[in-house]
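A.B. asks: Taken in sequence, the protein lines are chains A and B. Position 185 of the first sequence, counting from 1, maps to 184 under numbering that gives the first Met the number 0, and the rest follow consecutively. Position 72 of the second sequence, counting from 1, maps to 71 under numbering that gives the first Met the number 0, and the rest follow consecutively. Backbone N, C-alpha and C define an ideal beta-carbon position, used for all residues, glycine too. Please read these numbers as outputs of a predicted model, since none were measured by experiment. This is the structure I want to talk about, given as structure tokens.
Protein chains: 2
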Amino acid sequence: MTSNKPKIVVLGAGYAGMMTTKRLTQKLEAEEAEIVLVNKHNYHYQTTWLHELAAGTLDPNKVRMLISDVIDTSRVDLVHDTVVEIKKDENRVILENGELEYDYLVVGLGFEKATFGIKGMEENAFSIQSVDSSRLIREHIEYQFARYSSGEDTNEENLNIIVGGAGFTGIEFVGELAEQVPKLCKKYDIDRKKVRIINVEAAPTILPGFDEDLVDYARKSLEFRDVEFRIGTKINECKPDAFVVGDDNEEIKGGTIVWTGGVQANSILGKSGFEIFKGKMNVNTDLRAPGYENTFVLGDCAWVMNKETDRPYPPTAQIAIQEADTCANNIAALLRGGELEEFVFDNKGTVASLGGSHAMGTIFEGKKLYGKTARAMKNVIDNRYLFMLGGPNLVLKKGKLRPF
Amino acid sequence: MTSNKPKIVVLGAGYAGMMTTKRLTQKLEAEEAEIVLVNKHNYHYQTTWLHELAAGTLDPNKVRMLISDVIDTSRVDLVHDTVVEIKKDENRVILENGELEYDYLVVGLGFEKATFGIKGMEENAFSIQSVDSSRLIREHIEYQFARYSSGEDTNEENLNIIVGGAGFTGIEFVGELAEQVPKLCKKYDIDRKKVRIINVEAAPTILPGFDEDLVDYARKSLEFRDVEFRIGTKINECKPDAFVVGDDNEEIKGGTIVWTGGVQANSILGKSGFEIFKGKMNVNTDLRAPGYENTFVLGDCAWVMNKETDRPYPPTAQIAIQEADTCANNIAALLRGGELEEFVFDNKGTVASLGGSHAMGTIFEGKKLYGKTARAMKNVIDNRYLFMLGGPNLVLKKGKLRPF
């Protein structure tokens with residue numbers, strides 16, 4: 000595809016990149032711009048569902064969809080490649096197998112694992128990061144059970160699953176494990192009491208930022224299903240079979256170790272010479288990179304300030320999806336001439352699933368939800384995104400429709 | 000349960016032990032004898048289906064059933080324990096957690112892997128032996144795929160599955176793999192061409208003992224689905240990642256290595272001082288151990304001579320099941336006084352499944368069957384056993400009812 004039309008290149012088909020591309024095809028006429036979407040895989044996946052994949056409670060194909068099934072390929076050129084570097088002063092992107100020039104760039108490259116220099120964490124812990132890395136966890140867990148039940152491995156401690164980090168992902172993950180482990184125990188004739196699910200967190204509480212009532216509810220719900228918490232417990236080192244914690248270097252043993260304790264922006268931004276602050280880029284309120292009027296940075300790569308609290312918004316799917324709207328509007332304004340808009344977050348609430356029919360969270364003006372009501376609301380939120388992306392057909396194909 | 004009734008102890012709930020116990024409850028009145036069935040697990044499984052479990056084409060729970068679901072527990076005392084030794088001259092059996100006295104003993108302890116002293120085979124190869132050992136293979140294979148697709152393991156050769164032995168189990172297993180591997184490739188976005196299924200056999204043909212036409216059909220059917228054969232190839236050694244074969248010590252590499260090349264009788268018999276010949280016991284034609292008039296040895300532990308060919312019958316489920324009938328009749332004769340009968344094998348034919356809708360074999364007077372007809376017949380044979388064991392309900396619950 001060559002033309003004299005302005006060329007918009009979108010990097011990454013995560014929540015931010017997919018929704019921006021979708022909105023651009025809706026807001027722009029075909030003759031206004033050429034649109035290119037670059038992604039490593041030919042599929043888009045729901046990052047917020049990966050913990051279910053990692054625990055084994057959701058089928059991998061429910062979590063992903065072919066990009067070409069939801070993006071109009073007569074309007075968008077899909078490039079299946081990996082980004083190496085952004086030549087920001089030359090308006091070029093270097094890919095592993097080629098390069099692309101752009102007039103407008105949208106960076107939605109997502110997060111990477113951040114291990115804060117904890118010794119051995121990078122090498123020894125799994126992370127819930129992609130479809131492939133998540134289902135590796137699921138297979139690894141089941142492999143431990145199969146090895147134990149067959150007598151190939153007689154070390155009971157290898158059945159333990161230890162999870163570093165009690166933020167959103169860590170808690171949602173142990174919630175799924177609490178549902179999955181009894182099923183695996185039954186399948187492999189292993190006494191449930193032999194398998195420990197241990198969550199280790201340095202902070203004094205799980206789910207920092209959530210209301211105390213909700214945190215209490217979550218913790219009790221999980222402990223009732225035999226999840227163990229080691230809160231206020233600093234991880235000094237991750238060995239192949241243990242977290243080493245606390246002042247006395249106690250070892251918490253497990254055959255499966257998962258780190259959910261931190262994320263940082265994709266390292267491509269830093270490598271490309273953009274200024275990075277705490278692993279992310281401070282973007283302008285119109286979502287553009289400071290000093291680069293044709294470059295938007297969205298999602299987990301961007302710090303967007305919340306003016307009310309004077310703190311940056313956390314990296315969530317909800318924010319990435321809303322940023323996509325602002326970004327598409329602003330690109331249209333740049334093409335057509337007009338005012339750029341500021342990003343304003345419309346908080347629709349946050350619900351954390353705790354496995355099975357368990358969940359909790361807030362919606363609207365801080366209204367608290369618990370249990371099955373929260374779980375149902377979580378599904379509504381998840382399905383709403385699918386509806387925006389691909390209409391009712393996508394909800395039917397990939398939505399969460401099972402009753403709880 | 001203590002009584003003055005004669006006590007019949009059956010060791011092992013495989014095909015021979017289960018059917019003998021079942022027949023004893025049918026042929027004897029409750030007051031005639033006390034019946035005890037000893038088994039390691041609380042379930043019985045279909046050894047002839049384990050290759051499907053190992054490949055991942057059959058659910059583990061389809062292959063097994065609770066013993067108490069098919070054996071009348073008001074008539075039979077189920078002992079969940081492992082046999083350590085038979086004190087044959089004292090009429091006692093030593094178990095891991097106790098011991099049992101008997102008046103009549105039925106030994107149906109099944110087979111163990113025989114590796115013929117091939118270096119490294121015992122340590123490095125999986126075997127299709129029990130529910131637990133078989134599903135470990137399935138999990139191991141899938142784990143290799145997950146590791147490769149996630150980039151955790153970049154060695155393509157680890158996707159290869161190498162199978163030693165082209166007898167019944169080895170061939171049925173590669174047949175299932177031929178069906179399963181394309182599914183795993185799709186699931187993990189791996190090119191099918193990257194995965195090799197290699198069967199290695201020292202003999203000059205696969206399926207020795209089968210008619211040449213059938214062997215040809217099987218080989219072509221499997222090669223068409225990309226199974227590779229290395230026939231007439233002697234395995235010198237099994238390394239953790241390879242078979243070392245032939246005069247030039249060629250290495251055939253794979254991340255999953257399965258040995259199906261040989262079985263021998265359970266080693267308890269030898270340990271207990273019974274005379275063993277080529278790993279099995281030559282039993283009398285009434286199925287009793289020579290010199291022990293109250294002890295029957297059945298199934299894979301026993302050599303029973305075929306008078307027509309003057310060679311022992313091969314270790315098959317069909318023979319074990321028929322032996323159970325003779326054994327139960329002979330125990331009844333011993334209890335009531337009467338003639339003991341000789342075991343006569345009624346060959347109902349043998350069908351080998353080759354995966355999916357593929358199969359081949361002979362029925363009745365050597366009539367050859369191929370393809371879907373053979374596959375359908377295989378299911379009939381499998382379901383017939385379930386019918387004998389547990390009636391129509393068991394066929395409905397555990398039978399092979401999917402159409403091919």
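With DSSP run on the structure shown, which of helix, strand or coil describes B:P5?
C.D. replies: coil
A.B. asks: What separation, rounded to the nearest whole angstrom, lies between the Cα atoms of B:E227 and B:I161?
C.D. replies: Between the alpha carbons of B:E227 and B:I161 lies a distance of about 10 Å.
A.B. asks: Is it the case that the Cβ atoms of B:T361 and B:L221 are separated by a distance below 9 Å?
C.D. replies: no
A.B. asks: What number of angstroms, rounded off, separates the C-alpha of A:F403 from the C-alpha of A:G355?
C.D. replies: Model confidence at A:F403 stands at a pLDDT of 43, short of 50, so the residue's coordinates are unreliable and nothing is read from them.
A.B. asks: Give the DSSP-derived three-state secondary structure of B:K252 in the structure shown.
C.D. replies: strand
A.B. asks: Quick one: residues in its chain with C-beta nearer than 8 Å to the C-beta of B:L94, no 5 flanking neighbours on either side, listed in chain order?
C.D. replies: V37, V78, D80, T81, V82 and V83.
A.B. asks: For the beta strand (DSSP E) that A:Y369 lies in, which residues bound it at each end?
C.D. replies: K366 to Y369
A.B. asks: Would you identify the three-state DSSP class for B:G97, choosing helix, strand or coil?
C.D. replies: strand
A.B. asks: Closest to B:A301 by C-alpha separation, out of B:N328, B:S73, B:N378 and B:F273, would be which residue?
C.D. replies: B:F273
A.B. asks: At least one CB of chain A closer than 9 Å to the CB of B:P181: is that the case?
C.D. replies: Taking CB atoms only, B:P181 has no neighbour in chain A less than 9 Å away.
A.B. asks: Anything in chain B within Cβ reach of A:S132, meaning under 7 Å, just list it in chain order.
C.D. replies: S149
A.B. asks: Is there a Cβ from chain B that is less than 9 Å from the Cβ of A:F110?
C.D. replies: no
A.B. asks: According to the Cβ coordinates, are B:I196 and B:A177 closer than 9 Å?
C.D. replies: yes
A.B. asks: What residues are listed by DSSP as bridge partners for B:V37?
C.D. replies: Looking at the DSSP assignment, B:V37 forms a beta bridge with B:L10 and B:V78.
A.B. asks: Can you name the residues of chain A whose CB is closer than 9 Å to the CB of B:E156?
C.D. replies: Within chain A, no residue comes near B:E156; the closest Cβ sits about 19 Å away, beyond 9 Å.
A.B. asks: Taking only beta-carbon atoms, is B:S129 less than 9 Å away from chain A?
C.D. replies: yes
A.B. asks: Interface residues of chain B around A:H139 at Cβ under 8 Å?
C.D. replies: Y142 and A145
A.B. asks: With 7 Å as the limit, tell me which residues of the segment 49 to 79 of chain B have their beta carbon closer than that to any beta carbon of chain A; keep them in chain order.
C.D. replies: P59
A.B. asks: Helix, strand or coil: how does DSSP classify B:P203 here?
C.D. replies: coil
A.B. asks: Below 7 Å CB to CB, which residues in the same chain sit around A:G390 once its five sequence neighbours on both sides are set aside?
C.D. replies: none
A.B. asks: At a Cβ cut of 9 Å, what residues of the segment 361 to 372 of chain B count as close to chain A, listed as they run along the chain?
C.D. replies: If the cut-off is 9 Å between Cβ atoms, the segment 361 to 372 of chain B has nothing near chain A.
A.B. asks: Listing by chain order, which chain B residues have their CB less than 7 Å from the CB of A:L135?
C.D. replies: A145, R146, S149 and E151
A.B. asks: When DSSP labels each residue in this structure, what does B:A357 get in the three-state scheme?
C.D. replies: The displayed chain sequence assigns His, not Ala, to residue 357 of chain B. B:H357: coil per DSSP, three-state reduction.
A.B. asks: How many angstroms separate the CA atom of A:K233 from the CA atom of B:V244?
C.D. replies: Here the C-alpha atom of A:K233 lies approximately 52 Å from the C-alpha atom of B:V244.
A.B. asks: Ordered along the chain, which non-local residues of its own chain (more than five positions away) have a Cβ less than 8 Å from that of B:V69?
C.D. replies: Closer than 8 Å at Cβ, skipping near neighbours: M17, K21, H43, L388, G389 and L393.
A.B. asks: For B:I7, is the classification buried or exposed, using 16 other Cβ atoms within 10 angstroms of its Cβ as the cut-off for buried?
C.D. replies: buried
A.B. asks: Below 9 Å on C-beta distance, what does B:K186 contact in chain A?
C.D. replies: P59, N60 and R134
A.B. asks: What beta strand (DSSP E) runs, 3 residues minimum, are completely inside the segment 313 to 359 of chain B?
C.D. replies: 348 to 352
A.B. asks: Tell me whether B:N392 sits in a helix, a strand or coil according to DSSP, three-state version.
C.D. replies: helix
A.B. asks: Going residue by residue through the segment 161 to 213 of chain B, where are the continuous alpha helix (DSSP H) segments of at least 4 residues, counting only ones entirely within it?
C.D. replies: If one requires a minimum length of 4 residues, the alpha helix (DSSP H) runs lying completely within the segment 161 to 213 of chain B are 167 to 186, in chain order.
A.B. asks: Since B:E51 is in the alpha helix (DSSP H), which residue starts that stretch and which ends it?
C.D. replies: Looking at the DSSP string, the run of the alpha helix (DSSP H) that includes B:E51 is L49 to A54.
A.B. asks: Who are the Cβ neighbours of B:I318 in its own chain at under 8 Å, not counting the five residues just before and after it?
C.D. replies: Correct list, in chain order: G298, V303, Y312 and F344.
A.B. asks: Which one of A:G278, A:G150, A:F110 and A:L135 has the shortest CA to CA distance from B:S129?
C.D. replies: For the residues A:G278, A:G150, A:F110 and A:L135, the minimum Cα distance to B:S129 belongs to A:G150.
A.B. asks: Can you grab the Cα-Cα spacing for the pair B:N378 / B:R63, in whole Å?
C.D. replies: 16 Å
A.B. asks: For B:L395, does the count of other Cβ atoms within 10 angstroms reach 16, so buried, or fall short, so exposed?
C.D. replies: exposed
A.B. asks: Across the segment 136 to 155 of chain A and the segment 135 to 147 of chain B, are there enough close Cβ pairs to call them in contact, namely three or more that are closer than 8 Å?
C.D. replies: By the Cβ test, the segment 136 to 155 of chain A is in contact with the segment 135 to 147 of chain B, since at least three Cβ pairs between them sit closer than 8 Å.
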